[in-house]
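Input: a single structure, listed below in structure tokens.
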Amino acid sequence: MTVPESFQAFLNENPDAAFHDWLRESAEPFWTKATAHRFTEELAEGTLDPQVCARYLVQDYAFVDSFVSLLGYAVAYAPAMPQKRPFAGFLAAVTSEENDYFLRSFQALGVPETQWRDPELAPVTAELLSVLQDSGRSGSYPQVLATLLAAEWSYLTWGLACGDRRPQAFWMAEWIDLHALPEFEEFVTWLRDETSRVGAAATPEVQQQMCRTFRHMMQLEERFFDHAYDPEARR
Ligand SMILES: Cc1ncc(C[n+]2csc(CCO)c2C)c(N)n1
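Each residue of the sequence shown is one higher than the last, beginning at 1 in full-length UniProt numbering.
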């Protein structure tokens with residue numbers, strides 16, 4: 001089944017659909033591959049190889065650092081206080097509790113400081129960082145929304161799919177918790193509604209750009225998980 005190229009055509013076929021439905025469906029098969037990946041399944045089952053987990057977290061620490069800057073752009077570009085507030089609240093959370101999680105995990109997994117502080121970036125990480133940077137510098141609120149929503153909504157989706165499975169090891173259990181907490185779900189639900197509000201009112205050109213960015217992000221999210229298993233793979 002193919003997804004209509006424009007949001008208007010998608011709406012004609014699905015009159016009750018929201019803009020974010022079009023984004024998600026247009027991002028297949030990557031959406032499903034990124035939200036039901038072997039990595040998150042092994043995380044939930046507690047069978048994830050600590051070395052795979054360490055490799056992932058080192059790259060992700062670099063990712064989250066750039067992600068925080070993108071949230072800063074969201075605060076700047078958001079039209080008014082009702083939108084700035086949720087971004088600012090989330091920004092505060094990501095720069096406090098989450099940073100602490102990474103540092104404790106690096107210690108428990110035996111990752112030396114030189115490695116997490118100044119890691120050699122995998123090609124997929126470098127590509128992700130440049131998408132974040134380009135979105136941030138674009139000056140476009142819709143573009144920032146599409147990028148943030150891809151990263152957040154996909155993580156919430158696998159987080160909720162873990163259900164109540166929590167392995168013994170804190171570096172696995174807490175990584176699931178971070179992406180399944182009610183506060184996180186509340187923020188992502190708000191972000192999804194905000195993206196749909198802005199996307200539905202945007203020009204067809206801006207809608208296309210949001211759709212391309214969301215799909216590209218999802219492709220990179222899948223490759224990001226793959227990399228933890230096969231760091232030498234080149235794609
Ligand atoms: C490659 C990659 N993509 C998305 C996320 C999701 N994410 C980035 S920052 C943040 C805030 C709260 O955890 C969340 C959910 C990630 N960690 N790594």
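Even for Gly, the Cβ is constructed at its ideal location relative to N, Cα and C.
Because the structure is a prediction, the values reported are computed rather than measured.
Cβ-heavy atom distance between residue i and ligand 1 below 7 Å?
| i | result |
| --- | --- |
| Y229 | no |
| Y155 | yes |
| E194 | no |
| H216 | no |
| A151 | yes |
| D16 | no |
| V94 | yes |
| E98 | yes |
Just the Cα atoms here: how many angstroms apart are residue i and residue j?
| i | j | result |
| --- | --- | --- |
| N99 | P29 | 32 Å |
| T2 | E13 | 12 Å |
Could you pull out every residue in the same chain whose Cβ sits closer than 7 Å to the Cβ of residue i, ignoring the five residues on either side in sequence?
| i | result |
| --- | --- |
| R166 | A173, I176 |
| R215 | S26, A27, F30 |
Along the chain, where does the alpha helix (DSSP H) containing residue i start, and where does it finish?
| i | result |
| --- | --- |
| V3 | Looking at the DSSP string, V3 is not in any alpha helix (DSSP H), and its letter there is neither H nor E. |
| T35 | 30-35 |
| T114 | 113-117 |
| G89 | 81-108 |
| P78 | At residue 78 the sequence reads Ala, which differs from the Pro that was named. Note, A78: premise wrong, no alpha helix (DSSP H); not H, not E. |
| A122 | That residue, A122, is in no alpha helix (DSSP H); it is neither H nor E in DSSP. |
| P182 | 182-201 |
Using DSSP with H/G/I as helix, E/B as strand and the rest coil, what is residue i?
| i | result |
| --- | --- |
| L70 | helix |
| C211 | helix |
| L160 | helix |
With a threshold of 8 Å on Cβ separation, who are the neighbours of residue i within its own chain once the five nearest residues in sequence on each side are excluded?
| i | result |
| --- | --- |
| T95 | V68 |
| P79 | Y141 |
For residue i, which residues in the same chain have their Cβ closer than 6 Å to its Cβ, ignoring the five residues on either side in sequence?
| i | result |
| --- | --- |
| residue 263 | Within the shown structure, residues of the chain are numbered from 1 to 235, placing residue 263 beyond reach of any answer. |
| F106 | W116 |
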